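J.: My questions all concern the structure below.
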DNA sequence: GCCAACGTTGGC
DNA sequence: GCCAACGTTGGC
C-alpha cells in the first residue's frame, strides 16, 4: 500500500506541536467523530500528517509520521475509539495558514475547508505537495 | 460573542 | 426510522 497523507488538528492549548517534539512520540487520542475515526482506521505506518493548530492559530505547523497501525484506545472501554502513534518529523519552515489555503482555488475540495469540524482530514498527494511547497519545504525532502 | 455546520439524543 | 431539540466544534 502506498503512503497516504493526512492532516491532524489539535488545540495548541491542549496538545501542541511543541509538545509532540518534546515527547518524541505520542498516542493521537481523543478522536470521537465517526468520520475522523474512519480515517484513523485507514492509517498505516509510514503515512505522513501535517499537524494543524486550531483556535487562534489556524495554521499547519509541522510534519509528523504515523508509526503504528490503528488500535483501540487502551484507556477507553469503547473499542470504536481508535488511536495511532505518531512522531514529529520537522517543523514547517513557513507554517501554512488556513486563510492562505482557503484563498487558493486548488483547495476548493479540501476537506479542511469543506468540513471545518473534521479533526482527521485526508490530504491527496497533489494537495500534500502543494501544501509543502507553500510551507517552504524543499521537494527533495520528500 | 456569535453562528454555521455538523453530530447526537430521545420522543414518537 | 424520523426529526426536533440540543450540544459541540471551530471559524469569524
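In my numbering, the protein residues as written are 1441 to 1582.
Heads up, the beta-carbon is just placed ideally off N, CA and C, and yes, glycines get one too.
Keep in mind the model is a prediction, meaning the values are calculated, not measured.
#1: Give the DSSP bridge partners of residue 1447, in chain order.
#2: Suppose you measure from the CA of residue 1558 to the CA of residue 1572; what does that come to, to the nearest Å?
#3: For residue 1522, does the three-state DSSP call read helix, strand or coil?
#4: Decide if the segment 1519–1526 is in contact with the segment 1476–1491; the criterion is three or more beta carbon pairs, one per stretch, under 8 Å apart.
#5: Which value, in whole angstroms, describes the spacing of the CA atoms of residue 1496 and residue 1518?
#6: Could you tell me whether the segment 1526–1536 touches the segment 1461–1472, where touching means 3 or more Cβ pairs closer than 8 Å?
#7: Can you round the beta-carbon distance between residue 1531 and residue 1506 to whole angstroms, since I take them to be within the 8 Å contact cut?
#8: Taking all protein chains shown into account, decide if residue 1487 is buried (16 or more other Cβ within 10 angstroms of its Cβ) or exposed.
#9: Alpha carbon to alpha carbon, what distance is there between residue 1445 and residue 1504?
T.: In brief:
#1: BP columns for residue 1447 point to 1490, 1561.
#2: Take the alpha-carbon of residue 1558 and the one of residue 1572: they are about 21 Å apart.
#3: Note: residue 1522 maps to strand in three-state DSSP.
#4: Judged by Cβ distances under 8 Å, the segment 1519–1526 makes contact with the segment 1476–1491, as three or more pairs qualify.
#5: Taking the straight line joining both Cα atoms gives about 32 Å.
#6: Proximity of the segment 1526–1536 to the segment 1461–1472 meets the contact definition, three or more beta-carbon pairs being nearer than 8 Å.
#7: The pair is not a contact, with the Cβ atoms about 18 Å apart (cut-off 8 Å).
#8: Result: buried.
#9: A direct Cα-Cα distance of roughly 10 Å separates residue 1504 from residue 1445.
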